[in-house]
Structures are given as structure tokens and as C-alpha cells.
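Trainee: In terms of this note's numbering, the numbers along the sequence shown are unbroken and rise by one, the last being 640.
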Amino acid sequence: MQEISLQVILSAVFGLDQGQRFDQLRKILTSLLDSVGSPLSSMLLFFPSLQKDWGPLSPWGRFLRLKQQIDQLLIAEIQSRRKQVDPNRDDILSLLLAARDEAGEPMTDEELRDELLTLLFAGHETTASALAWALYWVDYLPEVQDKLLSELKALPDNADPSAIARLPYLNAVCCETLRIYPIAINPFPRVTKAPMEIMGYQFEPGTVLLPSIYLTHQREDIYPEPKRFKPERFLERQFSPYEYLPFGGSNRRCIGLAFAQFEMKLVLATILAHCELKLVSNRPIKPTRRGLTVAPPGNMQMVVTQRRQQKTPVMV
Ligand code: HEM
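1) For the beta strand (DSSP E) containing Met-626, list its first residue and its last residue.
2) Looking only at its own chain, which residues have a Cβ that is under 7 Å from the Cβ of Lys-602, when we skip the five neighbours before and after it?
3) Do Leu-436 and Ile-402 have their CB atoms nearer than 8 Å?
4) In the DSSP output, which residue or residues are listed as bridge partners for Thr-617?
5) In terms of alpha-carbon separation, which member of Gly-622, Leu-419 and Arg-350 lies closest to His-448?
6) Closer than 7 Å: is that where the CB of Thr-451 sits relative to any heavy atom of ligand 1?
7) Let me confirm a value: Glu-500 is counted as buried when at least 16 other C-beta atoms fall within 10 Å, else exposed. Which label applies?
8) Would you call Phe-370 buried or exposed, if buried means 16 or more other Cβ atoms sit within 10 Å of its Cβ?
9) For Ala-518, verify whether its CB is less than 7 Å away from any heavy atom of ligand 1.
10) Is Thr-594 buried or exposed, if buried means 16 or more other CB atoms sit within 10 Å of its CB?
11) According to DSSP, simplified to helix, strand and coil, what is Arg-514?
12) Under 7 Å from any heavy atom of ligand 1, does the C-beta of Ser-574 make it?
13) Count the other C-beta atoms from every protein chain shown that fall within 10 angstroms of the C-beta of Met-325, then say buried if there are 16 or more, exposed otherwise.
14) Can we say the region 502-521 touches the region 470-479, given the rule of at least three CB pairs closer than 8 Å?
15) Taking 7 Å as the cut-off, is the CB of Ala-456 close to at least one heavy atom of ligand 1?
16) CB Pro-550 to CB Arg-543, shorter than 8 Å?
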């Protein structure tokens, strides 16, 4: 799933993404995420006191060196793209290169690099974990799989991507996947600027507030039987942004929300239309810490048991 989502985000950000520079970028980006991916090494991200560069073999030293290599690759790409501006391109880097601030100034190489790295970093592992969970639930609950397959079968030949994205049950499966085990347990912290009251609690200016996405999604009064995977809840009612917030909220809500939802649906529909996947073990799987996110454990394995001849959909 990581390979798929990396490919997707690289094409969205850079348009064409072939060649040696991109092969290196793919490899190093994956190593960077892996270097803080285990439950233990994830602690590096949360405790600044552990962030000590004791050489290339120390965990933080390795992280910094990988980050430096990515920086160099990104700067090299930015500089080569500045030299050959193509007004017809609509990838994110082209749009950022063309952007001007209020004073008519373009972004510097460093600003562009930081934006690109944020998108690559935030935009691929999250979606990959969400997809892995979706495949897990679809296999773990055969009735969910049956309903999803019949919805996909009813699509016309060569259905276009937006028709797939509008499928109600597929949407419900993706929503429930992100409800039951949100990839981000909480959004970024907020700091109150003025005195504030929330449900009878008083908060002084400067208070750090950290809403819990996970606990909100587990509230029995909003989601009866919260531990059960039930896509139907999303067919039966609409949840407010205060009840359902896998992408955070307010003006700092995830910038990739629409992109991620669209990608999840298309990838899931494509995989299910073409292959039957089975979990290697029948034991229920528990989420584990992976960097800043929470994901299926690395030992969750699925195998392709059959190729399907389904006529629909989509992109392969
Ligand atoms: C299933 C996939 C994803 C999930 C669950 C997810 C979740 C989140 C969450 C919870 C936040 C914090 C929002 C807040 O503090 O209110 C966030 C922020 C962000 N996400 Fe995502 N995200 C996903 C995919 C993506 C993708 C595909 C991209 C890029 C294309 C992306 C880019 C970002 C960025 C740039 C921010 C920071 C926004 C800001 O601070 O203004 N995310 N995401």
C-alpha cells in the first residue's frame, strides 16, 4: 500500500516522476519513515531530549542524514524545474513555482522544499495505513466484502473515477475504516488565545488543548457499539465535524482530505475488482504506533488467493 500511495503522491506533486532522482527519492523517503516507524523509534519524534546526533549509526543521526539527502534531491529537482518552466503543467510543484505573494515575490527554494517534503511526508503513509486497514476489514468481515463487491459489480463498464468515488457503500466502508482506528489519534495541538469555556471547563489563554479523535470516535452515544466495524452507520446518518474528525478540524484541517478520500476509494475499488485477498492469520489485529500515526502492525500479511475477472473498474 505504501508503494501505491508513494507513487500517487509523487505524481501529484511532481507530475512526471521517472528517473534516477525519483528512484532515490522513493527509496530514501521510505527509509526515513521506517527509521521512526517502530513503536520504540517513534519515541524520537515525541521526546526532543532523545534527538541527539551521535553519528550515522545513532537513531537520530540516521534520521538527520536521510533528511539531508532528501533535502538535496528536492532542491536539485526544484532548481532543474525553475530552468524549464512549462505553463501547461498542473502538478503541485508547477503551481507552487508559479505562485506569487502579495508583494509579487515567488517562493524561495527552501520554502518550496519544505512544502514538498510536508506533502510527501504527510500524504503517503497516512493513506497507505488507511488502505491497509480497509483491506483488513473487508477480509475480516465477509458480509462487508459481499456488499462492496455487489456495489462494484453494478457499475457500468469503464466507470469514470468520480462515479466510483460516489458509491455509497464504498464511501461508508472508507469512513468507518477511519472512524474505528483513526490514523491520527489526535490532530495537532491548539493553544487558546482568549479565555474559553468548553462544556463547563474554563481555559485560560495559552492553554494547550489536544482533542482526541480516537476517543470521540469511540463515544457510545454517537456510535452505538463503537468497537464494531459497521459501515451502515454512515448510510443511516450524517455526522457533524465535531463527531467525526479523522482529518482534524477547523481551518487547519488536513489539506489532503479530498485527495486521500478519493485515492482510498479508487485504490480499494481497483484492488477488489482485480484480486481476492486473504489475511494470512485469522487473529484480530490491533493497531500499533508508527511514527506520528497509528497503523496496522508490520506483521499483518495478506496474500492474493485469486485473480478476479470483474469487468469494472478502473485504473490499473
Ligand atoms: C487517510 C489519510 C489521511 C489522514 C487520516 C490525515 C489526517 C490528518 C490530520 C488528523 C491532520 C491534522 C489536522 C488538524 O490538526 O486539525 C492532518 C494534517 C495535514 N495533512 Fe493529512 N491526512 C491524510 C492524508 C493526507 C494527504 C494525502 C495529504 C497531502 C496530499 C495530507 C497533508 C496534510 C497536511 C499538509 C497537514 C497539515 C495541515 C495544516 O497544518 O494546516 N494529508 N492530516
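Beta carbons: idealized from backbone N, C-alpha and C, even for Gly. As the structure is a prediction and not an experimental result, all values here were calculated from the model.
Mentor: On the basis of the data shown:
1) From DSSP, the beta strand (DSSP E) with Met-626 extends over 626-631.
2) Asp-463, Met-626, Val-627 and Thr-629
3) yes
4) Arg-614
5) Scanning Gly-622, Leu-419 and Arg-350 for the CA closest to the CA of His-448 turns up Arg-350.
6) Relative to the non-hydrogen atoms of ligand 1, the Cβ of Thr-451 comes within a distance shorter than 7 Å of at least one.
7) buried
8) exposed
9) Distances from the CB of Ala-518 to the heavy atoms of ligand 1 are all 7 Å or more.
10) Per the 10 Å Cβ criterion, buried.
11) Strand at Arg-514.
12) Yes, the Cβ of Ser-574 comes within 7 Å of a heavy atom of ligand 1.
13) Buried, since its Cβ has 16 or more Cβ neighbours within 10 Å.
14) no
15) no
16) yes
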